[in-house]
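To get the numbering used here, take the position in the sequence shown, counting from 1, and add 363.
Backbone N, C-alpha and C define an ideal beta-carbon position, used for all residues, glycine too.
Values in this document were obtained by computation on a predicted structure and should not be read as measured data.
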Amino acid sequence: MLESLMPPAAGPQAAEPRSVPRHVAVVMDGNGRWARQRYMPRFFGHKAGVDVLVKTVNAFADRGVEYLTVFAFSSENWKRPTEEVSGLMGLVLVAVSKYLAKLAGDGVRIRIIGDRSAVSDKLRQAWEHAESLTEKNTRITLAVAFNYGGRWDVVQAARQALAQGLPPEQLDEGWLSQHMALSFAPDPDLFIRTGGEMRISNFLLWQAAYSELFFTDCLWPDFGDAEIDAALTAFARRDRRFGAIDTRR
């Protein structure tokens with residue numbers, strides 16, 4: 364198990380310390396390697412990853428997490444082989460058909476964040492249906508980042524400011540935050556990456572500025588209760604001072 368070597372940090376918007384993060388962000392890495400270890404095509408790793416995600420949403424909700432944001436497809440993933448990208452698009456449609464009713468019944472609200480302009484009309488319609496069907500659910504909000512990049516997010520918010528003719532002196536962190544893709548959620552308290560890599564890969568660059576980082580060697584399809592509890596335990600031990608000092612020391 365690897366944890367961030369960075370010193371504990373936290374966001375300026377927080378109030379009282381929480382032992383359980385309100386918002387968890389996850390880079391679901393390792394699907395391809397998981398499949399390769401089993402001598403299977405990468406697609407089977409992605410399929411296994413979707414199955415694990417459904418279980419993970421409920422596991423985090425059971426532990427008191429209110430928001431879960433997952434990195435499903437980055438704006439850089441278009442560089443992958445055409446066959447794999449096509450398979451991922453089809454898998455999303457299958458996943459919506461297979462799991463939407465269950466997630467809706469479990470009280471999960473689904474939100475999709477990212478640039479929708481590059482995906483098919485059929486996929487956009489499936490997302491809109493999922494968001495509409497679950498919009499009144501309150502147990503946990505699952506935000507799926509698809510065709511998303513942290514730099515894209517900052518640029519699209521800045522473009523909104525330009526389009527609205529916002530005076531420069533009115534453009535501040537608060538305005539930009541309200542126009543980011545995750546404006547409906549608090550900034551992530553805990554940022555998890557599976558698969559052994561120790562980088563954030565252009566995910567939630569703005570929102571994760573004060574997130575606690577947790578890296579694990581576990582490949583995403585193997586991510587379960589033990590890994591969730593390890594991450595939450597590590598989070599509970601962090602000293603989040605939000606740039607201030609602890610006067611008790």
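4-residue-minimum alpha helix (DSSP H) runs that sit fully inside the region 385-410, ordered along the chain:
394-400
Nearest-angstrom Cα separation, counted from F578 out to R381
20 Å
Since A388 and D588 should fall inside the 8 Å C-beta cutoff, what is the C-beta to C-beta distance between them, to a whole number of angstroms?
Not quite, the Cβ-Cβ distance comes to about 19 Å (not below 8 Å), so this is no contact.
Going by Cα to Cα distance, which pick from D585, D425 and F598 is closest to A415?
Reading off the sequence shown, one finds Val at residue 415, where the question assumed Ala. If we check each option's Cα against that of V415, D585 comes out closest.
For the structure I just gave you, are there three or more beta carbon pairs, one from the region 523-542 and one from the region 406-414, closer than 8 Å?
no
Specify, as a first and last residue, the run of the alpha helix (DSSP H) that E590 falls within.
D588 to R600
DSSP bridge partner residues for V433 (one or two, in chain order)
V389 and V507
Going by C-alpha distance, which of A508, S438, N500 and E491 is nearest A467?
N500
Which runs of the beta strand (DSSP E) spanning at least 3 residues fall entirely within the region 509-557, listed in chain order?
553-556
Would you mind working out which of V428, A493 and P551 sits nearest G390, comparing C-alpha positions?
First, the residue type needs correcting, since residue 390 is Val and not Gly in the sequence shown. Taking only the C-alpha atoms, the option nearest V390 is P551.
Using only the alpha-carbon positions, how far apart do S564 and F554 sit?
12 Å
Option in E560, M561, H542 and E447 with minimal Cα separation from Q570
H542
Apart from the five residues just before and just after S540, which ones in its own chain have a Cβ nearer than 7 Å to its Cβ?
S546
Going by beta carbon distance, what residues of the same chain come within less than 6 Å of W397, once the five residues before and after it are set aside?
G408, L582 and P584
With DSSP as the reference, please indicate the residues paired to E575 in a beta bridge.
L553
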